[in-house]
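For the sequence shown, this note's numbering assigns the number 26 to the initial residue and increments by one for each residue that follows.
The beta-carbon is built from N, C-alpha and C at its ideal position, and this holds for glycine as well.
No experiment lies behind these values; they were computed from the predicted model shown.
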Amino acid sequence: MLRILFHILILWPLNIASVMAATYGLINQDLFIQLVPEEHRLEGRAVLTPADGGFGLPEEFHLASQTDIVSVTATGKLVPFTFDSGLLQIPLASGASTLTITYRVRFDDPVPQDSVGIEDPSFGVTATIMPQGSFLSAASRWHPLPIGAQSRFRTTITGPPGLYGVTAGRLIDLESSETRSQAIWQTQLPQAALTLAAGYYQVGRDALGETQLLVFTSAENAALAPGYLESCREYLQLYQKLFGSYPYAKFAVVENFYPTGYGLPGWTLLGNSVIKLPFIRTTSLPHEIAHSWWGNAIEIDYQSGNWGEGLATYVADYYLKEIDSPAEALEYRRKILRDYATLINADDDMPLTAFPSRMTKRDQAIGYGKAAMVFHMLRNLIDDEAFWAGLQAAARDGLGKRYAWSDLQRHFEAASGMDLETFFRQWTGRAGAPQLQLTDVSAVPVDAGWQVSGTILQNGPIYDLAVPLRLETETQKYDQTIGLAERQNCFVFTVTDRPVSLSVDPESVMFRKLYPEELPATVNNLRASRAPLVVLASGSEDLLDASRDLLRGLQWHKASVMSEADYLAKRPVDRDLLVLGWPKNQGLRLKLPVGFAAAAQQFTVGDKIYAEADDALFIVMANHDDERVVGYFLPGSLAAARDTARRIPHYGRYSYLVFSAGRNQIKATWETESSSLKTLFEKEHFP
Ligand SMILES: [Zn+2]
26 MLRILFHILI LWPLNIASVM AATYGLINQD LFIQLVPEEH RLEGRAVLTP ADGGFGLPEE
86 FHLASQTDIV SVTATGKLVP FTFDSGLLQI PLASGASTLT ITYRVRFDDP VPQDSVGIED
146 PSFGVTATIM PQGSFLSAAS RWHPLPIGAQ SRFRTTITGP PGLYGVTAGR LIDLESSETR
206 SQAIWQTQLP QAALTLAAGY YQVGRDALGE TQLLVFTSAE NAALAPGYLE SCREYLQLYQ
266 KLFGSYPYAK FAVVENFYPT GYGLPGWTLL GNSVIKLPFI RTTSLPHEIA HSWWGNAIEI
326 DYQSGNWGEG LATYVADYYL KEIDSPAEAL EYRRKILRDY ATLINADDDM PLTAFPSRMT
386 KRDQAIGYGK AAMVFHMLRN LIDDEAFWAG LQAAARDGLG KRYAWSDLQR HFEAASGMDL
446 ETFFRQWTGR AGAPQLQLTD VSAVPVDAGW QVSGTILQNG PIYDLAVPLR LETETQKYDQ
506 TIGLAERQNC FVFTVTDRPV SLSVDPESVM FRKLYPEELP ATVNNLRASR APLVVLASGS
566 EDLLDASRDL LRGLQWHKAS VMSEADYLAK RPVDRDLLVL GWPKNQGLRL KLPVGFAAAA
626 QQFTVGDKIY AEADDALFIV MANHDDERVV GYFLPGSLAA ARDTARRIPH YGRYSYLVFS
686 AGRNQIKATW ETESSSLKTL FEKEHFP
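Pasting the structure below:
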């Protein structure tokens, strides 16, 4: 779905500085930042004092290498300094009671207007100061970062009238006069560095207890503020109930002037086109609020794998569906399994302990999807109460600390009284997934009714599993969970009436490797292709250029291209095909399923005929002969092709899509079922 593109990137605190934080005590930093957008520059002054009777000030700082240091004073006197390759050294600083660094620096990273095909959600921008807005990431070193110390920041941001800057901490003051504007922010938790955003914002405000709720939008999007404030309130209430008190002074939703999604401590920065997408409020927003705990206040020890994305996905994207509807929750779990099976080949799999952060959709299938399923299995194993109690303990004890998977394990063990070593080792320390099979199933009449028995096998590496089985009879459902710690185990059901079907894990509560027959062909199959081939239907040659965004979005922009005639002459094997336009030759035409029809300029889905110039069909089907997929792109015109091409890659989980005038009309996935994990008892099989 669309939101995949806007999946929010967490801007993690700068790790280098906090690792070395022990050298000096905590520092109070008063930052005065004047933004000069027309000149892409800021004028800065950092005033440092030791906090809480600390011991001395640091002598070395990181600062963007292009910075112009105007002056340095220690206890009010000018002192010498050197500044080389981004390293500022002030030999006389350590004995000073205050240190003032005055500087100016220019940032003008170009901002992309087009996000098609870019999988890196940072867009390569670390810092930029523009008339239409500013974004300064912590990594850009826009303020002096004391080496070996963390700071409590009071940040005063000034700019032209109406321009407000937002950063970490509680909002102390916000005002604008005819000559300038000002915003002041105060942090409490020690931090190494700050991220800052600025724009000509309208401000929406509310509060939940002591927590400030803030929305900063452009005038154009100001009407969105009440809805965002209501959602912030709702999700903060939910998560405080689940995890304990919210760790920051505010939560702010802030608009950015280019299409990013960033999660930061106590705020989220959403692109101007993103913030108005209706689903963001109920998808990305709760995910980011959950990250306030998981990833921000409780930091992640990357050395042992990023567990934060899986947990935020589980408690937000997944859990909110579970609250709404069990059917949607089931479908979400199935999507996770399908993504993993479709996108991950054995040679690019990795254990969760090796997942750093999302860079590609493949990483996402593991670090977000598999990890979310691991939390789901854990919750089923130790039960609801112990699961939430474990998270509460982790939120309380982990505040300001860096946590690994093993720290979470410790809290869940304490909350449940169970030894979870095997569970965590097999699910986080190993790549891959179990592969199950149902064999030797028989149903025989016995005195009281029927006895159904069989064997569950693990085909791949052995896991220690609890496998749910469901036997359905003509009148009832019987559920049983069997332990499977070895290669195989047997089961028996004794029931009173005639069995109808037996299925393994009918509710998809286990993470496992799906069989090919359980996988509908989808847009993601094209994306995962290692042998892509574009075929241009005769008479549709212009479609190649009009489909450029589609090819880029699928990572197919380097695929070879053949004409219909060449393809039919050579018939290359073992290729996934994407056919642009409707082929003239029968040999290349799709065998469409029942309910579909297509011709050169029109197509039918169900009982609706699409014959307008702005209609487009995209359909992906499995080629059962060679386990390859074939996609067809059938736009009503070149304009429809151009308009639709960039949208299709965002619908990765779907098998067919219909667009009219650039708007999605139909998105659907083929129905599938596994024959290896389900047995149907036919009536005639019984005596
Ligand atoms: Zn996330």
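Membership of Pro311 in the alpha helix (DSSP H) is indicated by the continuous run Ser309 to Trp318. A distance of 8 Å or more separates the beta carbons of Gln54 and Glu85. Just so you know, the alpha carbons of Cys257 and Asn610 end up roughly 56 Å apart. Residue selection by CB proximity (closer than 5 Å to any heavy atom of ligand 1) returns Glu334 and Ala337 in chain order. Straight across, the Cα-Cα distance linking Leu579 with Pro674 is about 6 Å.
Under the three-state reduction of DSSP output, Asp530 falls in the coil class, being neither helix nor strand. Annotated as proximal: Phe706 and Ala468, with beta-carbon spacing under 8 Å.
For Pro493, the enclosing beta strand (DSSP E) begins and ends at Leu490 to Thr498. Judged by beta-carbon spacing, Val598 lies beyond the 8 Å limit of Val559, meaning their Cβ atoms are not closer than that value. In this chain, Gln213 is not harboured by any beta strand (DSSP E), its DSSP state being neither H nor E.
Contact between Gly111 and Arg166 holds, since their C-beta atoms are separated by about 7 Å, short of 8 Å.
Put simply, of Ser350, Leu214 and Ser202 the residue whose alpha carbon is nearest the alpha carbon of Ala76 is Leu214. For His168, the three-state secondary structure derived from DSSP is coil. By the CB criterion at 8 Å, Ser572 and Leu605 fall inside the cutoff. Segment contact: the stretch 527 to 547 against the stretch 663 to 671, fewer than three CB-CB distances shorter than 8 Å; contact not assigned.
Under a 10 Å Cβ-count criterion, Val654 is classified as buried, with 16 or more other Cβ atoms of the shown protein chains found around its own Cβ.
The three-state secondary structure of Ser431, taken from DSSP, is helix. Rounded to whole angstroms, the separation of the alpha carbons of Val279 and Pro608 is 48 Å.
A straight-line Cα-Cα distance of about 51 Å links Asn648 and Ile154.
Comparing C-alpha distances from Gly252 to each of Gln265, Ser243 and Gly229 shows the shortest one belongs to Gly229. Around the Cβ of Asp364, a 10 Å sphere holds 16 or more other Cβ atoms; the residue is buried. In this structure, the alpha-carbon of Ser96 lies about 46 Å from that of Leu336.
In the structure shown, the three-state DSSP call for Tyr128 is strand. Using a 10 angstroms sphere on the CB of Val471, the tally of other CB atoms stays under 16, which defines it as exposed. In this structure, the beta-carbon distance from Leu561 to Val645 does not fall below 8 Å.
With a threshold of 16 other beta carbon atoms within 10 Å, Thr464 falls short and is exposed. Minimum Cα-Cα distance from Ala556 among the listed residues Ala232, Glu511 and Lys583 corresponds to Lys583.
If you look at Tyr253, you'll find it in the alpha helix (DSSP H) that goes Ala250 to Phe268. Around Thr74, the same chain offers Asn53 and Thr123 as residues with beta carbons nearer than 6 Å, after the five sequence neighbours per side are excluded. The beta carbon of Ala473 lies closer than 8 Å to those of Thr519 and Thr521 in the same chain, with the five residues before and after it left out.
Contact annotation: the stretch 233 to 243 does not touch the stretch 443 to 459, with fewer than three C-beta pairs closer than 8 Å. The DSSP assignment places 621 to 623, 628 to 630, 633 to 635, 640 to 648 and 653 to 660 as complete runs of the beta strand (DSSP E) inside the stretch 608 to 660, in order along the chain (cut-off: 3 residues). As computed with DSSP, Thr107 is found in a beta bridge with Gln114. Counted as a single uninterrupted DSSP element, the alpha helix (DSSP H) harbouring Lys595 occupies residues Glu589 to Lys595.
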